[in-house]
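In terms of this note's numbering, the sequence shown opens at residue 2 and continues consecutively. Ideal placement from N, C-alpha and C gives every residue a C-beta, glycine not left out. All values derive from a computational prediction rather than experimental measurement. Working notes, structure below.
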Amino acid sequence: MIQQSEFQLSAKSRGYHLVTREIKGQLPELPETGLLHLFIQHTSAAITINENADPDVRTDFETFVNHIVPENMPFLKHTLEGPDDMPAHIKAAFIGNSLTIPITNRRLNLGTWQGIYLCEFRNRANGRRLVATVYG
Numbered sequence: 002m003i004q005q006s007e008f009q010l011s012a013k014s015r016g017y018h019l020v021t022r023e024i025k026g027q028l029p030e031l032p033e034t035g036l037l038h039l040f041i042q043h044t045s046a047a048i049t050i051n052e053n054a055d056p057d058v059r060t061d062f063e064t065f066v067n068h069i070v071p072e073n074m075p076f077l078k079h080t081l082e083g084p085d086d087m088p089a090h091i092k093a094a095f096i097g098n099s100l101t102i103p104i105t106n107r108r109l110n111l112g113t114w115q116g117i118y119l120c121e122f123r124n125r126a127n128g129r130r131l132v133a134t135v136y137g
């Protein structure tokens, strides 16, 4: 069985956002065992899995990644959409556009302290679209 759906996450401000609950709410009934593949259909945002308990982790990610890839780098050429655009593309390439999560007992088999993040790199973005594919 393979099921696929597309959905849009609510618009988020720039930063790292825990979206596990929002994503679970968009999924079909999960099989006993299988895999969930998530793909974000954007080039200036990313998805990843990391710490779900302490919000300081998300703040530290934002601070660290902005330190590595700051805005207003004078050598960038792709600047028509603003100073945050090309850095957003670079950050998204570093973090990635897809995840694969095991399904066990009809639940996402995430670790105790793991959650799914939307990494929003634009100062102003609309909701981000995801494709969810369930293999089971």
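The segment 124 to 134 contacting the segment 33 to 44, beta-carbon criterion three pairs below 8 Å: yes
Nearest-angstrom Cβ-Cβ length linking GLU121 and GLY26, presumed shorter than 8 Å: No, GLU121 and GLY26 are not in contact; Cβ-Cβ is about 19 Å, not under 8 Å.
Span of the beta strand (DSSP E) around ARG130: 130 to 136
ILE41 Cβ short of 6 Å to the ligand SAH heavy atom set: With respect to the ligand SAH, the structure shown offers nothing to examine, as it has no ligands at all.
At least three beta-carbon pairs within less than 8 Å, the segment 107 to 117 to the segment 77 to 92: no
Terminal residues of the beta strand (DSSP E) in which PRO103 lies: 99 to 105
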